[in-house]
Structures are given as structure tokens and as C-alpha cells.
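FYI, in mature numbering (1 follows the signal peptide of the UniProt record, and there is no 0) the residues of the sequence shown are -26 to -1, 1 to 321.
Here the structure comes first, spelled out in C-alpha cells, and everything after it is commentary.
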Amino acid sequence: MRTRRGIALLAGVVLLIGAQAGPAVADESDTVTVVADGLNNPRGLAFGPDGGLYVATVGNGSDDGAVVRLAPRTGTMTTVVDGLPTYLAPAGDVVGAHDVTFQGRGNMFVPVGLGDDPAARPTEGLGVLLRVSPNGRTRTVVDLAAYEAAVNPDGGLPDSNPHSAAAVPGGVVIADPGANALLFLANSGDLRTLATFADREVPFAGGTVLAQSVPDAVTVGPDGAYYVGELLGFPFAPGESRVYRVTPDGSAEVYAEGFTSIIDVAFDSDGNLYVLEIAEQGLLNAFSTGDFEGALIKVTPDGVRSEVADGALVAPGGIAVGRDGAVYVTTGTLFGGGLGTVVRIDQ
């Protein structure tokens, strides 16, 4: 799947987004607090075994990607690892460290994006999964772009853009929206395809067009299955994005639908699913107006939906739920120049 076109469009409206981004009002029942600011393109985030909140930042495109650790309540920030590969493409889009996940009490994994044909990889270190040990040592554990070039799970044009990862006992599950695939890396080093996500017809301009799935988010559910959110490719049809449930043996089914431009998913301890939308009114509307107001949708186990922090999230990119039930979201996820933030939502 060719993702670069969509990413370039996202980058192209960043300045317009910045001009419109200002204080937002949350739902009256929710309290939204800025925990940290000054971040460059913050993306996925996760709680570590030490209770800290770890945030992946893409940076500005000059190998300045990083993972930072936040104290959830105070916002005290320390850099865990920096100098991670990033790339500023001629079209203006930046790729790099997209997410962070932990296995056990030590190892941290970071997927690094590419968003292009592996054969066109512009610099080393893109399109891979990194492992960061407790002492800060970083190494590549698997070249996901090379896997796409060799296997091409969805059979389309070669494209790899590792975007989301979830560590589980025995390995790491990786969502590669460029490949339209969900992958599993075993601790033994074996990499295999769990599932692929097919193109489908979506409404557009009074008719229908074929859109790619672009599965860009994965989390582990309370039942041990993997829940995958899709961005959905051009024309980014509002209300057409889905969340899939994928079992460890690779069986996939639609779990929930009717969302718009999903960018991340997470569960809380009560089994509620949180679905994060990067642009509530759709990406085409965002491209034309610069309105990147996102949405966070809470879905109860019996399917009841409600919007959390309505109106308070601009260009959100990642979500994590704390043990106390507070929800943490990266915002300004397309902003360089230190304009990105992490907010805490207390319901």
C-alpha cells in the first residue's frame, strides 16, 4: 500500500493546523490537563514497568527522534533514548519512532516508520523494530521493510510503514499500515504474517471507490486477542473505519465499525475500548480546512458509545490508559517545533 501520498497531505496542512489550534473545551464531565508540552511530533505512548509514561517522538527529520519518560501526575520529563532515525521527505512528511511498548520488566520496543517502497529506503534505520534494553542500548531486532520486500503479504505495491506495536508473552505484534498487514515477531526471531486487511468499496462523491485498509493501530484486549484499528486510505471516508479482532492464530473479524480515521486504540481495566480518531470530520475535510479536531470514542463491552473530552483534542496521535483510569493522549501529533503535547483526561 502506498501511504506516502496521505502522509504528505497530512504534513502539508500542519502550518494551517497550527494557525487554528488553540484552547479547546472538553465535555463538562471530563477534566483535561496538559501533562507535558514542547514535544516534536509525539506519537504512541505506553506505561512502563516502573509506572512511568513513555512517549515516542518522531522529531523534526534530522535523526532527532526520541523516547521520553513522563511522571504521569507531575509531567517531569526525562529523555530515555535519543538520536533515533528520522527522515524529512521532500514532500514535507516526517517518519521515525511511531510507538513504544514493553515486554516484561525490561525490554522496550519501538517501531520506526518508512512510508515507502523498501527499495527506496532513503536512510538506514527506517522500517525496522528497535529494542531498547534497560541500560539504554538500542539495536534493530527485525527489518520489517525487508520482510515487506521479500513477502509482500497483501500482494499490492511494496510499501512498509511500521506504526504500532504491542508486546505480548512470546513476542511482539506489529501493525504495518503500509503493508496492510498485522505481523508477529516471536522472541526466537521468527517473523510471520498474522493477518492482512483487504481493500473495500467506500462511498465517495455520490458513488463508491476502492480504499485500502491502512491498519495503523494495535492493542491487546482483555480476552488476549489483538484489536486492530484502521485509518482507511483515500478518500478517508468518514464513518467507514473499523476495529478488527484478530486471534493469535490469525483469524480476523470486524469487532466495531462506524469510526473515522482511527489513529490508535486501547482498553481500560473494565474492558472498555477507546478508539482515537485523528480527524473527527474526516481527513479530506481536514486537508481543505485545517480542522484537525480529533475524537476519542469510548465503547463499552456491550457496545454503548460515548465521546470523551469532546472538542479538546487537536491532531491526536496516541493513547494509553493508566491504572487509575485516567486516559493519556498525545496531541499536536503532526507538529514539529516543540508544539506537541501529552494531555491527561480524568472522567
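Glycine included, each C-beta is placed from N, C-alpha and C at the ideal position.
If you're wondering where the values come from, they're calculated on a predicted model, not measured in any experiment.
Q. Helix, strand or coil for A141 per DSSP?
A. If DSSP states are grouped into helix, strand and coil, A141 belongs with the strands.
### Task
For E267, collect the residues of the same chain with a Cβ closer than 8 angstroms to its Cβ; drop the 5 residues on either side in sequence, then sort them by chain order.
Excluding sequence neighbours, E267 sits near A(-3), A253, E254, Q255, G285, L287, V288.
Residues bridged to Y201 by DSSP?
According to DSSP, Y201 bridges with T193, R219.
- prompt: In chain order, what residues of the same chain have a beta carbon less than 8 angstroms from the beta carbon of Y302, not counting five sequence neighbours either side?
  reply: The answer, listed in chain order, is V9, L19, L27, P46, I293, A294, V295, G296, V316, V317, R318, I319.
Practice prompt. Using three-state DSSP, classify S262 as helix, strand or coil.
Written response: Looking at S262 - three-state DSSP - the assignment turns out to be helix.
The ligand NAP and P132: does the residue's C-beta get closer than 8 angstroms to at least one heavy atom of that ligand? Within the structure as shown, the ligand NAP is missing, as the structure has no ligands at all.
Worksheet item: Closer than 9 angstroms, CB to CB, is P151 near chain B or not?
Response: Any reference to chain B falls outside this structure, which holds one protein chain only.
- Task: Would you check if the distance between the CB atom of L159 and the CB atom of D150 is smaller than 9 angstroms?
- Result: Not a contact, by the Cβ cut-off of 9 angstroms.
- Message: Assuming E122 is part of the alpha helix (DSSP H), what are its boundary residues?
- Response: Boundaries of the alpha helix (DSSP H) around E122: 118 to 125.
- Message: For E227 and G198, I'd like the C-alpha separation in whole angstroms.
- Response: Between the C-alpha atoms of E227 and G198 there is a straight-line separation of about 15 angstroms.
Going by other Cβ atoms of all chains shown within 10 Å of its Cβ, with 16 needed for buried, is L95 buried or exposed? Checking the displayed sequence, the identity of residue 95 turns out to be Arg instead of Leu. With 16 or more Cβ atoms within 10 Å of its Cβ, R95 is classed as buried.
Next on the checklist: Could you tell me the alpha carbon to alpha carbon distance between V32 and A185, rounded to whole angstroms?
Outcome noted: For V32 and A185, the distance between alpha carbons rounds to 27 angstroms.
Practice item. Could you tell me whether the Cβ atoms of L62 and G87 are closer together than 9 angstroms? Key: The answer is no: Cβ separation not under 9 angstroms.
In three-state DSSP terms, what is A93? Here A93 carries a helix assignment [DSSP, helix/strand/coil].
- Item | Cβ neighbour criterion (16 or more within 10 Å) applied to V69 | Within 10 angstroms of the beta-carbon of V69 lie 16 or more other beta-carbons, which makes it buried.
Mapping the DSSP letters down to three states, classify L257 as helix, strand or coil. Annotated three-state conformation of L257 is helix, per DSSP.
- Ordered along the chain, which non-local residues of its own chain (more than five positions away) have a Cβ less than 8 angstroms from that of G311? Within the same chain, G311 has close Cβ partners N14, N34.
Alpha-carbon to alpha-carbon, A283 and T7
Cα-Cα distance, rounded: 11 angstroms.
Item to complete: Could you tell me the distance, in whole angstroms, from the CA atom of L258 to the CA atom of P92?
Response: Between the alpha carbons of L258 and P92 lies a gap of roughly 27 angstroms.
Closest Cα partner of A153 within the set L168, V142, P143
For A153, the nearest C-alpha among the options comes from L168.
Pairing CB atoms from the region 173 to 183 with CB atoms from the region 209 to 217, are three or more of them under 8 angstroms?
-> Contact between the region 173 to 183 and the region 209 to 217 is present: three or more C-beta pairs spanning the two stretches fall below 8 angstroms.
Going by DSSP in three states, F83 sits in which element: helix, strand or coil?
When DSSP states are grouped into helix, strand and coil, F83 belongs to the strand group.
query: What number of angstroms, rounded off, separates the C-alpha of T53 from the C-alpha of A40?
result: Annotation: T53 to A40 spans about 7 angstroms, alpha carbon to alpha carbon.
inquiry  = Let me check understanding here. Comparing Cα to Cα, which of F241, D276, F309 lies closest to D298?
reply    = That would be F241, whose Cα lies nearest to the Cα of D298.
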